[in-house]
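In the working numbering, the protein residues as written are 0 to 222.
C-beta: ideal position from N, C-alpha, C; glycine also.
For reference, the structure is listed below as structure tokens.
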């Protein structure tokens, strides 16, 4: 495992790490599932975490054996409708939606001179950051439109290090989804998993929630 002193940058996922928009995503996808007649359950909601919009839609359709019932144009319309539903919810966000301990951790990182970037598959990430008042921390963010592969492919986290001008080995990636942890590890970065350690067993460091994110706790786990 990498030594703490070697770390120069942190690459963050957004949903479930900085804020919890997963409930908004779930609500918006639930509306689409109802519309296409696919029954909604917790397993389906969990399976959609951290994957792209079109992959999410395809998963919902497959769940109801409806993957061949829609043209590409109809699928695009459903994905767009989901996004519209989601944005209505996001527009109501405020800094109160930042997860506990995150603002303090971001302040601690920037004060200590670490470089920060955002590695979110969400095209709405800039809007979410604005609503939360955190845009200044993330002047560097991966453009999801530039990516060829979604998580668990390592491309997004590799790019997160690249835009900081850093070697992936000198970066820590922070994630709450198993696909994201896999992406971090594949990129050659150290992975922090936030959430159930049995689900995120592949992470190098496990914290059950965001309040445990401090440099002291990370140092203690790495050294």
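For residue 171, name the three-state secondary structure that DSSP assigns. Translated into the one-based positions of the chain shown, residue 171 becomes position 172. For residue 171, the three-state secondary structure derived from DSSP is strand.
Would you mind reading off the limits of the alpha helix (DSSP H) that contains residue 159? In the chain shown, counting from the first residue as 1, residue 159 sits at position 160. Here the alpha helix (DSSP H) through residue 159 covers 154 to 161.
Under the assumption that residue 193 contacts residue 15 (Cβ atoms under 8 Å), give the Cβ distance between them as a whole number of angstroms. One-based indexing of the chain shown puts residue 193 at position 194. One-based indexing of the chain shown puts residue 15 at position 16. With a contact defined as Cβ atoms closer than 8 Å, residue 193 and residue 15 qualify at about 7 Å.
Residue(s) in a DSSP beta bridge with residue 121: Here the question's residue 121 lines up with position 122 in the chain shown. Beta-bridge pairing links residue 121 to no other residue.
Give the single residue among 82, 172 and 176 whose Cα lies nearest to the Cα of residue 183. Position 184 of the chain shown, counted from the first residue, corresponds to residue 183. Closest in C-alpha terms to residue 183, from the list 82, 172 and 176, comes 172.
Please state the DSSP three-state secondary structure of residue 180. Within the chain shown, numbered from 1, the residue matching residue 180 stands at position 181. Here DSSP, grouped into helix, strand and coil, assigns residue 180 to helix.
With a floor of 3 residues, list each beta strand (DSSP E) that falls wholly inside the region 3 to 74, ordered by position along the chain. Segments of the beta strand (DSSP E) lying fully in the region 3 to 74: 8 to 11.
N-terminal and C-terminal residue of the alpha helix (DSSP H) that residue 103 is part of: The residue given as residue 103 occupies position 104 in the chain shown. That run of the alpha helix (DSSP H) goes 101 to 110.
Candidates 164, 200, 20 and 178: which alpha carbon is nearest residue 98's? To locate residue 98, count along the chain shown from 1; it is residue 99. Among 164, 200, 20 and 178, the Cα nearest to that of residue 98 is on 20.
Should residue 181 be labelled buried (16 or more other beta-carbon atoms within 10 Å of its own) or exposed? Numbered from 1 along the chain shown, position 182 holds the residue referred to as residue 181. By the neighbour-count criterion, in which a residue is buried when 16 or more other Cβ atoms sit within 10 angstroms of its Cβ, residue 181 is buried.
Judging by CA-CA distance, which residue of 177, 164 and 18 is the nearest neighbour of residue 95? The sequence position of residue 95 within the chain shown is 96, counting from 1. Nearest of 177, 164 and 18 to residue 95, Cα basis: 18.
Contact belief for residue 104 with residue 117 at Cβ below 8 Å, rounded distance in angstroms: Within the chain shown, residue 104 is the residue found at index 105, counting from 1. Within the chain shown, residue 117 is the residue found at index 118, counting from 1. 14 Å between Cβ atoms; not a contact.
The alpha helix (DSSP H) enclosing residue 97, as first and last residue numbers: Taking the chain shown and counting its residues from 1, the one referred to as residue 97 is at position 98. Bounds of any alpha helix (DSSP H) do not take in residue 97, whose DSSP letter is neither H nor E.
What is the DSSP secondary structure of residue 187, reduced to helix, strand or coil? Your numbering for residue 187 matches position 188 in the chain shown. Coil at residue 187, not helix or strand.
Is it the case that the region 187 to 201 contacts the region 21 to 41, given that we only count it when at least three CB pairs across the two stretches are under 8 Å? Touching, no, given that fewer than three Cβ pairs across the two stretches are closer than 8 Å.
Just how far apart, CA to CA, sit residue 153 and residue 185? Counting from 1 along the chain shown, the entry for residue 153 is found at position 154. Counting from 1 along the chain shown, the entry for residue 185 is found at position 186. The alpha-carbon of residue 153 is positioned some 5 Å away from that of residue 185.
Using a 10 Å radius around the Cβ and a threshold of 16 neighbouring Cβ atoms, would you call residue 65 buried or exposed? By 1-based counting over the chain shown, the position of residue 65 is 66. Exposed.
Once DSSP output is grouped into helix, strand and coil, what is the label at residue 90? Indexing the chain shown from 1 puts residue 90 at position 91. Here residue 90 carries a coil assignment [DSSP, helix/strand/coil].
Can you round the beta-carbon distance between residue 13 and residue 145 to whole angstroms, since I take them to be within the 8 Å contact cut? What you label residue 13 is simply residue 14 of the chain shown in a count that begins at 1. What you label residue 145 is simply residue 146 of the chain shown in a count that begins at 1. That pair is no contact at about 17 Å.
Going by CA-CA distance only, name the one from 161, 47, 63 and 135 that's closest to residue 8. Locating residue 8 in the chain shown gives position 9, where the first residue counts as 1. With distances taken between Cα atoms, residue 8 lies closest to 161.
Within 10 angstroms of the Cβ of residue 24, are there 16 or more other Cβ atoms? Answer buried if so, exposed if not. Numbered from its first residue, the chain shown carries residue 24 at position 25. Residue environment for residue 24: buried (at least 16 other C-beta atoms within 10 angstroms of its C-beta).
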